[in-house]
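Undergrad: Structure provided below as structure tokens; questions to follow.
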Amino acid sequence: AQAVLFVPNPAGATEALDNALAMIDTCVDSAVEGFTAAVLNAARCMKKVFTVSATASPPSSLWCLPGPYAAVHGCFFHFGQCLWRNLQSLGLHDWYLEPENSLLIKTIQALAFVPPDDVIEAFQQLMDSLDADTDETLSDFLAYFESTWLGIVQRGRRRRPKFDVAMWNVYNRVEDNLPRTNNSVEGWHRAFDQRMSVTHPTLGRLVSKLRKEQASTELMIEQHAMGVRMRKKQAVRNLSPWRAIASSVPCSVLPLTFPHNGSFFPCDWRPTIPSKCTHRLRPKLSCVNSSVDILYEWVSVDTPPAVYSFTDDCLSHVVRERCYGNTDVIPNLVHYVMFGGKEIKFFTFLGILSAVRFVQPCLILFHMDRLPTGLYWDTLLRMVPNIVHVRRLPPTVIFGRNVTVVEHQSDIARLEAIRKFGGMYFDTDYLIVNPLEDLRNHSAVLGVEIPGTNFANGVILGKAGAEFLDLWYESYHTFNDKQWAQHSTILPYQLHKAHPNVSLHVVNTLVDPHYQDIKKKFYDNFFDWKSKHGIHLYVRMFNQYFEDNFETKNSSLGQVSRNILFGDSDVCFEGMTNAGELVGAEKVRTPEATLSRVQNET
């Protein structure tokens, strides 16, 4: 007869199950309890059953999975996350941001590196060193830590904690050169999930995929044991296949294989925007069996871009297979977030062209609920054939907190996009002025906005699942829709100060000048923009500078605009004579000579 054990109280499941198993003379077929406790007990059962006798055959029916020497190890990163979330729930967020306080919490977390047998003693010594005020402030947190991770002292001995010291302690794993986190497991799961290609597979499909995965793993193990050198996956050399067929596009204004100083347009380009084009190229993502590719199809000019959902597995698969170079940590993928279906303005058109010129991405993902409108949007679709519409609604709730301000909705959407796919996010009024390859070998990159105060989130670079981006996203548990910029720019700066060991590359060249001095340095003066990666225009605050034809002005804004449009800041601006000379200035190249040179180069 089958033995079935029901454990109704997950909090006491561990001890209850151990006591029950000791009283039963047969293996239990199934146990109903909380998921976490069930997993831990399954592993303990594996070890308990199969270490009784090294030669004993396993019973034919078990409540746990078969496996003789199962061991449970916690992830050090998630251990730290548990401590951080408990601090937040106790209202100690601001207290933690003080350097001496964050060091104390990190010291408690560092108990994971103490030999397991010495953890209790080390914890007690740490508690004895606390002053009365700190001890009172942390009383609830210390009670949580002791009950959850060490065990409460009752009747002269410690009760079993929710998570044993041996499970979350990493001392022996460090000694044995084993991983401290579950990054490798999550990485495998992400890759396997993408290979499934569907969100909810049938049981038969899942089993089939698992068999293939197992066969592949066993083959790799055998090859490694035989000393066979494993061949690395071939790098994708042609990151944007549409460039190879660009010459066959009869009405594409944009030369798709171009140097950074190539010209998109002639000087009198604006009157020619209403093109006679009848067709354009559109990307189509293909995921058939193990084949992943970006295909291009001819469509009429009024056909909208291809649409994919934010959760589309094929989209994730294409990014992973087609948007990385040899050494890239961050994929060559660009994101924009636009909600509301508004008209594209010229400065946004200019910003997107700057991404095309200096990033030359594999795809440009527009995260939108509705398509934009206007002449510049139509022109972009004709010119840039790697635009993809990722359909999603503005997020209205995060961690149970309402989000109604559209700017906050965009803040959350951009963070979710980078966490899921990786890549580079840019605001619609951000102009790239130099290539970004040097920044893409880091897991996460942010630019300083106001030194000592905040980071800018108008440009975010990161790999999928970057630790800092996860930490930033988790901070939205305390989000307040009435606080402007708190979670979007101020909190990431504070998180970086509080977690210096979490990888984040901070640069001063992404957002310089910032909104407090851009008028004086950039709009009303000549600025050394060539030493920067990009310029955030802050159009909302300085709308008066964006009159018609501002790219023709003899100013820093005009220079940057001409550099994006024509590949040269010294052409096509007011004050030039027919001979290519500026009154009172040095001689510059004529537009005709520049365009001729660019055409020859391209």
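Here the sequence shown is numbered in our numbering, starting from -15 and rising by one per residue. Here a beta-carbon is modelled for each residue, glycine too, at the ideal position from N, C-alpha and C. Quick caveat, the model's predicted, so the values are computed rather than measured.
(1) Scan the stretch 427 to 472 and note each continuous alpha helix (DSSP H) run of 4 residues or more that stays entirely inside, going in chain order.
(2) Whole angstroms is fine: what's the gap from Arg524's alpha carbon to Asp286's?
(3) Would Asn167 be called buried (16 or more neighbouring beta carbons within 10 Å of its own) or exposed?
(4) Take the Cβ of Ala175 as the centre, count every other Cβ of all protein chains shown within 10 Å, and call the residue buried at 16 or more, exposed below.
(5) Roughly how many whole angstroms lie between the Cα atoms of Ile474 and Lys268?
(6) In the DSSP assignment, find the beta strand (DSSP E) that holds Ser539 and state where it starts and stops.
(7) From the DSSP output, read off the bridge partner residues of Ile348.
(8) Please report how far the alpha carbon of Ser394 lies from the alpha carbon of Ile205, in whole angstroms.
(9) Between Gly542 and Phe550, what straight-line distance do the alpha-carbon atoms span, to the nearest angstrom?
(10) Between the alpha carbons of Glu82 and His319, how many angstroms are there, rounded?
(11) Going by other Cβ atoms of all chains shown within 10 Å of its Cβ, with 16 needed for buried, is Asp413 buried or exposed?
(12) What residue range does the alpha helix (DSSP H) around Arg69 cover?
(13) State whether the stretch 319 to 338 contacts the stretch 348 to 365, with contact taken as three or more CB pairs (one from each stretch) at a distance under 8 Å.
(14) Pick helix, strand or coil for Leu334, following the three-state DSSP scheme.
(15) What are the boundary residues of the alpha helix (DSSP H) that Val191 is part of?
(16) Using only the alpha-carbon positions, how far apart do Glu565 and Val555 sit?
(17) Determine contact between the stretch 400 to 407 and the stretch 433 to 442, defined as no fewer than three beta-carbon pairs at a distance below 8 Å.
(18) Can you tell me the Cα-Cα spacing of Val36 and Asn85, whole angstroms?
(19) Going by DSSP, what residues sit across from Cys251 in a beta bridge?
(20) What residue from Cys271, Ser123, His173, Ala448 has the CA that sits closest to Ile314's CA?
(21) With distances taken between CB atoms, is the gap from Val272 to His301 smaller than 8 Å?
(22) If you draw a straight line from the alpha carbon of Asn441 to that of Phe61, how long is it in whole angstroms?
(23) Round the Cβ separation of Val390 and Ile396 to the nearest angstrom and send it over; I've been treating them as touching at under 8 Å.
(24) Please determine if the stretch 487 to 498 and the stretch 281 to 295 are in contact, where contact requires at least 3 C-beta pairs separated by less than 8 Å.
TA: Result, derived from the coordinates:
(1) DSSP runs (the alpha helix (DSSP H)) wholly in the stretch 427 to 472: 451 to 458.
(2) Taking the straight line from one Cα to the other gives about 30 Å.
(3) Exposed, by the Cβ-count rule.
(4) Under this definition Ala175 is an exposed residue.
(5) Cα to Cα, the separation comes out at about 39 Å.
(6) From DSSP, Ser539 is part of no beta strand (DSSP E); its letter is neither H nor E.
(7) Partner(s): Val318, Ile371.
(8) About 46 Å.
(9) Whole-angstrom Cα-Cα distance: 11 Å.
(10) Rounded to whole angstroms, Glu82 and His319 show a C-alpha spacing of 35 Å.
(11) Asp413 is buried by the Cβ-count criterion.
(12) Its alpha helix (DSSP H) spans residues 60 to 73.
(13) Judged by Cβ distances under 8 Å, the stretch 319 to 338 makes contact with the stretch 348 to 365, as three or more pairs qualify.
(14) Taken through DSSP and simplified to helix, strand or coil, Leu334 comes out as helix.
(15) Start and end: 187 to 209.
(16) The predicted position of Glu565 is uncertain, since its pLDDT is 36 and thus under 50; a value taken from the coordinates is nonetheless stated next. Their backbone Cα atoms lie some 10 Å apart in a straight line.
(17) Look at the beta carbons and you see the stretch 400 to 407 not touching the stretch 433 to 442: under three pairs across the two are nearer than 8 Å.
(18) Bear in mind that a pLDDT of 35 at Val36, under 50, signals an unreliable position, so the model cannot answer this.
(19) Note: Cys251 sits in no beta bridge, so no partner.
(20) Selected option, being the one with the closest Cα: Ala448.
(21) No.
(22) In a straight line, the C-alpha of Asn441 is about 24 Å away from that of Phe61.
(23) Not confirmed; about 11 Å, so no contact.
(24) Counting Cβ pairs under 8 Å, fewer than three are found: no touch.
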